[in-house]
Structure formats: structure tokens, C-alpha cells
Amino acid sequence: MAKASEIQDLDCGASASEGLLKVLLTRGDEVVKFGTLALENGENADVIHDLRVSIRRLRSALRDFSEFMNKKALKPIRRKLKLLAYMLGAVRDRDVVCDALEKLKHKTEEESLIQGIDKLITEQMEIRAQAFDFFLQNFKPQLKELQSVFPEIIIASTGRIGFSFGHLGKIVITENLEAFLRSSTSLYNPFDVESLHELRIAGKRLRYSIETFSICDQQEVAENVASKIAEMQSALGELHDADVWIQGLKNRLADERIDKKLGLWLMSEFVKKRTQSYREAIRLWSNWIESNFLENLKEYVETFSRYE
1 MAKASEIQDL DCGASASEGL LKVLLTRGDE VVKFGTLALE NGENADVIHD LRVSIRRLRS
61 ALRDFSEFMN KKALKPIRRK LKLLAYMLGA VRDRDVVCDA LEKLKHKTEE ESLIQGIDKL
121 ITEQMEIRAQ AFDFFLQNFK PQLKELQSVF PEIIIASTGR IGFSFGHLGK IVITENLEAF
181 LRSSTSLYNP FDVESLHELR IAGKRLRYSI ETFSICDQQE VAENVASKIA EMQSALGELH
241 DADVWIQGLK NRLADERIDK KLGLWLMSEF VKKRTQSYRE AIRLWSNWIE SNFLENLKEY
301 VETFSRYE
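Structural data, given as C-alpha cells:
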């Protein structure tokens, strides 16, 4: 996954308006850069993933900053980015499932299972091609708009904010941390699929905000914190993927759209994968408790008080 571009000349002691403008324009440029690569090489799963992440970063920043901007002016572009993310997700999801099926194929020597998996991979690649074509039709005009209109909208939507960018960091990170902590109780219910997915999203938003403001204070600490949250996010992401696959197999088996032997074998493997991912998330959470990670994170956020 490509790293986020560094925000040039970001001054945490300067106006929040100036800082958020630099962040949003840089994140917009990232979408344009990775979007251009996707138009040229959309068959590459890594290119699609990088574009999807760049859109996530931009959407997350817009969400964090929207309270301090002209929400009405931002609404159309936020809606378009959400739609692009949804369409791109349909492509990326096929890449993920094909990768998972390829790995599972090497866990069996039974020819009937291997042939069945190959058939599923072919089916998923056909769906991917259709999803990518649909995405391209919608993305090409949006890419031109991002290059020309997006900067104008962002500049016009940004008024003067009466405090520093560093203080904005404290507000944003605190809100995202509180949202993450509220969702964290879902870890105690391993079968609450929706809430665990919401926790994953909350973790992603928290990590992105910490990365955005990492330059403001103790950058090494911020990077370490972000990496630990990324580990949790990864475990929850794999858990969510397994949940999606399990539900899909359940529907296929019920509708007799898959050979029962193959479907049950895959179900068993994905349930095993889900259990491993959940146990990893619990292990990380336990380590966080033992190491006072969350208390240390709260203390880190308090260091931003010097910008008030």
C-alpha cells in the first residue's frame, strides 16, 4: 500500500484554515495521481488498492474537517466520492476474494475442489471486469472534475478559523478516539458482525487523523501509535472479509448455486479464518490493556494542548 504523501510546509502553530486547506488539496492530488494510474493499469490489484485508500483518506479528512467548513458546498463532492468508493469497492472486493481463493487452492490436493475453486475464480474475475468497466465510465469525468473544480470548491468552502491547526488536531483526534472507544465493546461479542465492522471503520478514521497531525507533536510516538492501530484494523478487516464470504457461501448453498462439497469445504476454511482473525484482534486488545496503550494515547493527545 502506498504511503500518504507528506503535507508540505504544514505549520501546526499557524491557522487551522491554512493547515486543513493544505491537507485536503494534497489528499485530492493523491486521488488524481492514483486515479490516473488506475486508468492506465486497472488490471493491477495493487493500483486499485492504492486508489481506494487515497479516496478513503480524502473522505476521512473531509469528514474530520467538515464541521469547520461550508458543509453545504462540500456535500456534492462528498456524495460523489462516496459513490466512487462504493464502485471501486466492488472491484477491490473481487481482487481480495480471488487472492483468498488462490491461497485456499493450495491447501487441498483433491482435484474436484481445485477445479471448483478455479471455476469460482474465473467467475469472480468476470464480475471484476464488469465492475471495473462500470467504474471507469463514471470515474473518467470525475477525475477531470477533481483536477479542476475540487481545489476551487475546497478553497471557497474554507473560511477563517480562529485557532491553530494543532488545536484542530486535538479536537479531531479526540472525537475519533472517543468514537473508537465507544465501538470497542463490540470486541466482547464475537458474532456481532455489524458492530465489529463499525469498530474497524472507527479505527481507520482514528489512524488517519493521527497520521495527519503526526507532524505536530512527537512524530515517532504518533507513528508507533498509528502502526498499532493498523494492526487492529488489519485483524478486523480480515474478520470482516471472512464474514462477507461466509454469508455469500450461505446464500449459494441455500440456493444450490455451488457444489455442496466445495461449498462446505470453503465454509469450513472461512470460519477457521474468521476465528483466527477474531482471536488476533482479542490478542491485540489484551496487549493494549496490559501496556496501557489507550491511556498513553490519551496522554499523547493532551500534548496538543500547547497549541490552544
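Take the sequence shown: its letters are residues 1 to 308, numbered as in this note's numbering. Where is the CB? At the ideal position from N, CA and C, for every residue including glycine. Just so it is clear, the structure is predicted and the values come from calculations on it, not from any experiment.
A179 is positioned such that its CB atom lies closer than 7 Å to that of A202. Contact annotation: S183 and E194 have beta-carbon atoms that are not nearer than 7 Å. As a beta-bridge residue in DSSP terms, S164 pairs with S15. Around the beta-carbon of E30, 16 or more other beta-carbon atoms lie within 10 Å, marking it buried. Counted as a single uninterrupted DSSP element, the alpha helix (DSSP H) harbouring E126 occupies residues E111 to S157. Restricting attention to D255, E280, I246 and I173, the CA atom closest to the CA of K298 is found in I173. Look at E238 here: in three-state DSSP terms it is helix.
Of the other Cβ atoms in all chains shown, 16 or more fall within 10 Å of the Cβ of E269; this residue is therefore buried.
With fewer than 16 other CB atoms across the displayed protein chains lying within 10 angstroms of its CB, S227 is exposed.
Where Q276 is concerned, the enclosing alpha helix (DSSP H) starts and stops at K260 to E290. In this structure, L177 sits near L206, with a CB-CB distance shorter than 7 Å. A direct Cα-to-Cα measurement between F165 and K107 gives close to 51 Å. Cβ-Cβ separation between L266 and L249: approximately 6 Å, consistent with a contact (criterion under 8 Å). When C-alpha distances from S112 are compared across D259, L136, L62 and E43, the shortest belongs to D259. With distances taken between CA atoms, L168 lies nearest to R306 out of R306, I77, K82 and S277. Counting the other Cβ atoms within 10 Å of the Cβ of E290 gives fewer than 16, which makes it exposed. Contact between V91 and R128 holds: their C-beta atoms lie close to 6 Å from each other, under 8 Å. When the beta-carbon positions are compared, L51 and G35 come within less than 7 Å of each other.
Restricting attention to alpha helix (DSSP H) runs no shorter than 4 residues, the segment 169 to 250 encloses them at 193 to 212, ordered along the chain. In the three-state reduction of the DSSP assignment, G28 falls in the helix class, which pools H, G and I.
Contact between the segment 130 to 143 and the segment 76 to 92 is present, with at least three C-beta pairs closer than 8 Å.
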